[in-house]
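K.L.:
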Amino acid sequence: MWEDGICWNWEEPVFLACGVMDLCVTIKGVSFLLQTGMGILGNVVVLLAYCHIVYTEPKLLPVDMILCHLAFANLMLLLTRCVPQTMTVFGLRDLLNDAGCKVVIYSYRIGRALSVCITCMLSVFQAVTIAPAGPRLSRLKPALPSLVLPTFAGLWLLNMAICIAAPFFSMAPRNGTVPAFTLNLGFCHVDFRDHLSYVINGVAVSGRDFAFVALMLGSSGYILLLLHRHSRRVRGIRRSQGAGAETRAAKTVVTLVILYAVFFGIDNVIWIYMLTVTKVSPVVADMRVFFSSCYAALSPYFIMSSNKKVKAKIMCASEQDQPSADTQESNDK
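Using the numbering used here, the first residue of the sequence shown is number 4, and each one after it goes up by one.
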């Protein structure tokens, strides 16, 4: 039996099983804790850097506006999913009531949806930016900055509508067995009542995700095709003013898309498996949460390392802190 976190059954097979279980819980908890802490820190740093950029510059480029919104969506995802998940793994129970579960699950679904949609938006906008000017693009390119905010509003409304069913199925965990067709998230349950609701929800979410991922992969492939076919032209553009920034931004976008596609593939393989069973194991649900949150946790560090504006603001902040530390050290002496 378990008492104060120690397994007191002295039968060797059971004792070993208890030890393995305790080790698995510890590894899972530390993994979620590191992912959550690093992800929240990285996205907050990116948002603060862009806040300073907005304060010092007259306006943001469309790519910078999209990256800033992407960091916000990823932060929203981590706060509403990984934080309660981490607390649950470490043994905290009854974190949320029914109303709290509805708010958290709905916010998480929107944050996750915005993450894929804004990454797709980033890829499409960058493809249009570096595409050769034609009769239609010559009118569209100057209008890109004015289209960013309406596109944000449209994506928010779209995903709020698609995810509207989530609050109706979300509830706090109940004592006893978990009903069939229920996603056991640990801190909340998402009970779909019947197989039809379960499948319809899965198809709607997966269909939206696959559509946006296909669009982002297509636009990223177009970017790679342009950079490959017109390498001489690109080298000429790099020597002109401002073109180097566009090329670097294009490479950043393609890398972000590849990063998302990798974790999206793992996430959806697990999700498709979850749709085929009536009762989903918490271990499987935890694996899906971890892999689906990897992009939100890792992408801000790639933005910090590849975006010159964000990197400059971070370096400037660190250099301002260094003299004050040196002054304090000299005063102590």
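Ideal Cβ placement from N, Cα and C applies to all residues, glycine included.
Fair warning: this is a prediction, and the values are worked out from it, not measured in the lab.
So C71 and R112 are in contact, right, with Cβ under 8 Å, and what is the actual spacing, rounded?
P.N.:
Not really, about 22 Å apart at Cβ, beyond 8 Å.
K.L.:
Check each candidate in G205, F155, V257, T279 and name the one with the smallest Cα separation from A76.
P.N.:
F155
K.L.:
When the Cα of V193 is compared with those of I108, V151, K254, K144, which residue comes out closest?
P.N.:
Looking at the Cα atoms, I108 is the closest of the given residues.
K.L.:
For the alpha helix (DSSP H) that D212 lies in, which residues bound it at each end?
P.N.:
198-232
K.L.:
Where does C54 land, buried or exposed, given buried means 16+ other C-beta within 10 angstroms?
P.N.:
exposed
K.L.:
Could you tell me the alpha carbon to alpha carbon distance between Q244 and T89, rounded to whole angstroms?
P.N.:
Any reading at Q244 needs caution, since the residue's pLDDT is 45, under 50, leaving its predicted position unreliable; the model's value is listed next. Taking the straight line joining both Cα atoms gives about 47 Å.
K.L.:
Do L125 and I69 have their beta-carbon atoms positioned less than 7 Å apart in this structure?
P.N.:
yes
K.L.:
In whole angstroms, what is the alpha-carbon distance linking R96 and M174?
P.N.:
Each residue's alpha carbon lies about 14 Å from the other.
K.L.:
Quickly, what does DSSP pair V193 with across the bridge? List them, please.
P.N.:
S173, L186.
K.L.:
Report the rounded CA-to-CA distance for L36 versus K62, giving the unit in angstroms.
P.N.:
36 Å
K.L.:
Measure the C-alpha to C-alpha separation of Y58 and V256 and round it to an integer number of angstroms.
P.N.:
25 Å
K.L.:
Give every residue of the same chain whose Cβ lies closer than 8 Å to the Cβ of C104, excluding the five residues on either side of it in the sequence, and list them in chain order.
P.N.:
S173, M174, A175, F190, C191, H192
K.L.:
Cα separation between I306 and S295?
P.N.:
18 Å
K.L.:
Near I56, which residues of its chain fall below 6 Å by C-beta distance, leaving aside the five closest residues on each side in sequence?
P.N.:
K312
K.L.:
Would R339 be called buried (16 or more neighbouring beta carbons within 10 Å of its own) or exposed?
P.N.:
This structure leaves residue 339 out entirely; the chain is present only between 4 and 336.
K.L.:
Would you identify the three-state DSSP class for M318, choosing helix, strand or coil?
P.N.:
helix
K.L.:
Identify whether N77 lies in helix, strand or coil by the three-state DSSP scheme.
P.N.:
helix
K.L.:
Need the endpoints of the alpha helix (DSSP H) that C166 sits in, please.
P.N.:
Where C166 is concerned, there is no enclosing alpha helix (DSSP H), given that its DSSP letter is neither H nor E.
K.L.:
Is the beta carbon of S34 closer than 7 Å to that of V127?
P.N.:
Taking 7 Å as the Cβ cut-off, V127 and S34 do not qualify as a contacting pair.
K.L.:
Over the uninterrupted alpha helix (DSSP H) stretch that includes D101, give me the two end residues.
P.N.:
101-133
K.L.:
Rounded to whole angstroms, what's the CA-CA distance from C123 to N187? Just pull it up for me.
P.N.:
30 Å
K.L.:
Do A300 and M41 have their CB atoms nearer than 7 Å?
P.N.:
yes
K.L.:
Using CA atoms only, rank isn't needed, just tell me which of V260, V292, S308, C319 is closest to L81.
P.N.:
V292
K.L.:
For the alpha helix (DSSP H) that contains T89, what are its first and last residues?
P.N.:
Unbroken alpha helix (DSSP H) run through T89: 86-92.
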